[in-house]
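In structure tokens:
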């Protein structure tokens, strides 16, 4: 994805283009100025798009409609005509003009500045506060600063402070003032930048109110150029009469000689002359907020109040886009969600109709457009939404919003996020076109709407899909779409929709000193949870304090309403997060039932248990948290938690959502408990191409998983222009590495919008795809927020060996290396962690069972899985098997051999899982691809190998005759052999395609006279040698040994044996001879010796196992494939 849609002209270029021609006729210059302002609001994605957009705008807004505009200064009439939109050259001309006017891509709107600047890297939110003398801006700034966490900067105060300190800037300013001269703007700018940088580096914040600045457009231009973009201009609009009255009243006691009518008039004139051009300009940019300031201080401040949570406290807002086709039921569901969860429901259609009915300025503008058959512009819709949100906040209706039927395009979505706030998630009501059409036609029978007909409905649906799907794909890429199937009844659909709004609540119970508060603190600081400390709530009331100090269990009517009230309060102010941790509650089943009834949510209980009651009491005393509680009360509280009947009933009733931890030593520290029970599990798939995404999609087809792509998350965050996104964009533009901690936190936020608290036993898995570059650092950063369960390296190249070894051997991570087709890789991944297996196949009477038993004797802890013997064993305990298996094992039935592949797989699966460990050696099973797909990679890992036993037909026939003892039927035997041979050939192809190593093992001794067979023990040893014993690759080279070792270390995908020397017998499978040239550091003596070694090797080894290479690249590839 391209960088964020943030094109903007320099402020100076805009300001210089505000002139009009004679008799107020608009010149091309003035029209271009207006167009550039509108261009900034629309924010095309790059200069070319910006030029094309502006060309279209000028054509559409040309007041002369084809007549020549007054030419701009510096342009001849001819040149003006040459750049008319109709000529097709406007885009090119404007692109050049915009480029020369400093059109840039970067922060909003700014040039790309040095990311090393701590102020810029903090993405400051700057508000200019303007107003005449005594308009009340200073007083209001102080209140805003206190309530909303802004840092209040007054240029006058800053200057006086520097003069007082005697700093370099202060001395310079004092010298100028003593000469009666005006301070240069650069000095004021340096003061502001110094103060802002100090606030950021000291950790005091990056939201600033700049009071009384700028006093001119030049100052505004310098600030944006030298420091950072301005987010907002707050203008306290007081009348001259009100300001004069206030100054005169102040003059009665101030003693200031300039508090008189004549001087006040001059000051006001100067203020208007200097400041109003800046006010007007920022108004045209849509950054100005006028605050009527003639009223009392409280009245004026109340008018401020709704704005600042919106623009200065974006994190306080929670916004859900609600999308769905016509007739999907989104409006009805929004109303119910609004009622049950306290969201404010905003419908853009309703807002627009209300404005038209009221005859407001926006309504009149929209009405005029609709009467001309035009489409309502995005900027009008955005103004409606912003005003409705401001009104909702000011009226105390909440800061959580459902925006119904918006956005209708990706552009609208990003414009909203740039202008107002980030979106928490998108709720998408999915319905097929057939269902929506049926519903609309049914509605049309009574609605009277002319567009409720089949032809119009199809057009509406086509438009909906074309416009909405790009937005859905965008938010899907960052896991922010919640889909609701809306084919059911209203109640069925709503029951699905409401789950996405229910809070996630982790209740931590345990005695004092168990670490409850420490765990909650980690949840707050690292994962953004909101915490409710129940003991603190109780201590806030006299009756509650008595309960805490006595150690008794609080009555549900006393504690329950307070907990619920606090949870509801936090839910309304939680912004995008709805994760809560409740400490020390509930302690009874009744308390939990009350909590679920009054505050519905997804609950998990974390129960912290001490081994002994005495340990609990000791931990409480040593924790220092008991305060004035008596020892008897402490013991009573510990007993009720440790062995009380109420606690026992609670845990038994809610066993399915309870995780109990026995506290013992450092292994159960708060940090480890969070890691083991709360942190989301993460599996990382690292690949340098799309194969990683394809693999993850295949792995996540079954079950409830979260899919996250690091690159897409970063790209989307940049496009959304969040504070993190702008920082990421600045780093990208500066070609610097992205901070791993920032990326990890971003991914945690994405996953946090979906994860439930406290992982139950059936926890979901988050799959993360990323590139191999900086993978070690990425893993380290992610482990602060996730439990990294597995790292999968896809399609290892010749340079991945060192990375794999570092992750596996140094960092001790669970690493899997996979390659092949997506299906093959998925099977390899699924096999990881499953019991090992080996398969022995062959024609009937080839001796599979005896070899399998011998191999089991050879491999410690292994067991043989033979279908017939497993059936006999299972027959002794039929109560423990499924009805299907019971029927197949019925003595009166056809027998297990005639059972379906599914039943056979169930039987083998039950047998294998009954063994806690060891390799499963399958004897003659599975015999086809269908059975293999049910067992291999699901019940056991992919086989270490498959040995197909074979021998001369005469030998196998002899074995068959001996086994049948006179009942040998040649025709039946030949038919069985032919069928088995065909099935075996087909199955062998299946195994090879799945990436399983298959080898044929001859059971005959090769003696043409005796025509004997090899003993099973010897065959088992052959299998161990060919399949299970580690193999070695010998590298012979004339290269310097240290260089060769370094190359092998980087390339070979498997590590060394560790610090100690291990001597083992290895079968030499492959020899690589690397003849390096002189430029690569070859050594002459080694070269001559190597030639002799090669000659000997060529005599003793077949060509397929001896490889001679002469280039580094060929050497790397040979190592990789060895």
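Numbering (the UniProt record's numbering), first residue to last: 1 to 1122. For each residue, glycine too, the CB sits at the ideal point set by N, CA and C. Predicted model only: the values in this text are computed from it and were never measured.
Helix, strand or coil at residue i according to DSSP, with G and I counted as helix
i            : result
residue 775  : helix
residue 901  : helix
residue 260  : coil
residue 290  : strand
residue 1065 : Residue placement at residue 1065 is poorly supported in this model, since its pLDDT is 43, which falls under 50; the coordinates still yield a value, given next. Reduced to three states, the DSSP call for residue 1065 is coil.
residue 721  : coil
residue 512  : coil
residue 1117 : helix
residue 401  : strand
residue 421  : coil
residue 1074 : strand
residue 494  : helix
residue 500  : helix
residue 812  : coil
residue 272  : helix
residue 866  : strand
Beta-carbon spacing of residue i, residue j below 8 Å
i           : j            : result
residue 348 : residue 406  : yes
residue 501 : residue 337  : yes
residue 417 : residue 522  : no
residue 317 : residue 428  : no
residue 368 : residue 131  : no
residue 987 : residue 927  : yes
residue 346 : residue 403  : yes
residue 524 : residue 531  : yes
residue 955 : residue 1013 : yes
residue 864 : residue 923  : yes
residue 817 : residue 829  : no
residue 947 : residue 1072 : no
Nearest residue (CA-CA) to residue i, options the options
i           : options             : result
residue 581 : 505, 399, 542       : 505
residue 209 : 194, 233, 188       : 233
residue 740 : 244, 477, 779       : 779
residue 695 : 597, 772, 821, 673  : 821
residue 951 : 909, 991, 859, 844  : 844
residue 219 : 746, 826, 172, 278  : 278
residue 296 : 163, 140, 157, 435  : 140
residue 191 : 162, 1106, 179, 578 : 162
residue 649 : 786, 688, 590, 493  : 590
residue 333 : 446, 495, 397       : 495
Residue i versus residue j: straight-line alpha-carbon distance, rounded
i            : j            : result
residue 1095 : residue 1112 : 22 Å
residue 847  : residue 1004 : 11 Å
residue 1115 : residue 662  : 54 Å
residue 200  : residue 194  : 10 Å
residue 475  : residue 1027 : 48 Å
residue 542  : residue 562  : 14 Å
residue 251  : residue 260  : 7 Å
residue 709  : residue 478  : 7 Å
residue 284  : residue 719  : 24 Å
residue 657  : residue 602  : 9 Å
residue 433  : residue 461  : 7 Å
residue 683  : residue 320  : 28 Å
residue 288  : residue 129  : 10 Å
residue 510  : residue 516  : 7 Å
residue 898  : residue 598  : 58 Å
residue 579  : residue 785  : 15 Å
residue 354  : residue 382  : 15 Å
residue 856  : residue 813  : 31 Å
residue 655  : residue 454  : 53 Å
Contact test: residue i Cβ vs the ligand ZN heavy atom, cutoff 7 Å
i           : result
residue 288 : With respect to small molecules bound, the structure shown includes none, and the ligand ZN cannot be examined in it.
CB-CB length for residue i against residue j, believed under 8 Å
i           : j           : result
residue 659 : residue 607 : 7 Å
residue 351 : residue 384 : 4 Å
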